[in-house]
């Protein structure tokens, strides 16, 4: 998606085939106003994606970067063999924020150059 207000994080665990996509929509104040996720894998992967998407709604970009996989794992009571699922969720959050910031930088550079960005 090319919308500069949306960041997408796509992460996976090749060892088990889990895949997680997390999208964030950010308002002008830097607050996450909407999230979406898609997960392919085990129940722990899907649950970690769901928890991450719910926890980040209404938070700022800076706040969501403080969410750690250990918090997600503890909340879901994940067994040690499933900790990689909560790690994917943390990585997806970071990746979505990074993607959003990159899009904002490009949009700002284009605006400074007098170009228009199509959403």
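Residue numbers (our numbering): 2 to 120. Beta carbons are placed, not taken as given, at the ideal position from N, Cα and C, and that holds for glycine.
Cα-Cα separation, residue i to residue j
i: residue 60; j: residue 47; result: 21 angstroms
i: residue 96; j: residue 21; result: 11 angstroms
i: residue 39; j: residue 112; result: 32 angstroms
i: residue 73; j: residue 53; result: 7 angstroms
i: residue 34; j: residue 9; result: 14 angstroms
i: residue 108; j: residue 114; result: 10 angstroms
i: residue 77; j: residue 110; result: 41 angstroms
i: residue 101; j: residue 27; result: 8 angstroms
i: residue 18; j: residue 90; result: 14 angstroms
i: residue 84; j: residue 14; result: 11 angstroms
i: residue 68; j: residue 57; result: 9 angstroms
i: residue 36; j: residue 94; result: 10 angstroms
i: residue 23; j: residue 88; result: 13 angstroms
i: residue 106; j: residue 99; result: 11 angstroms
Beta-ladder partner(s) of residue i, from DSSP
i: residue 61; result: 32
i: residue 19; result: 14
i: residue 40; result: 21
i: residue 26; result: 7 and 35
Residue range of the unbroken alpha helix (DSSP H) whose run includes residue i
i: residue 4; result: No alpha helix (DSSP H) holds residue 4; DSSP gives it neither H nor E.
Integer-rounded CB distance, given that residue j should sit under 8 angstroms from residue i
i: residue 45; j: residue 79; result: 6 angstroms
i: residue 86; j: residue 49; result: 4 angstroms
i: residue 92; j: residue 12; result: 5 angstroms
i: residue 31; j: residue 62; result: 5 angstroms
### Message
List, from N- to C-terminal side, the alpha helix (DSSP H) runs of 4 residues or more that fit wholly inside the stretch 48-102.
### Response
Along the length of the stretch 48-102, whole alpha helix (DSSP H) runs at least 4 residues long occupy 62-65 and 70-77, reported in chain order.
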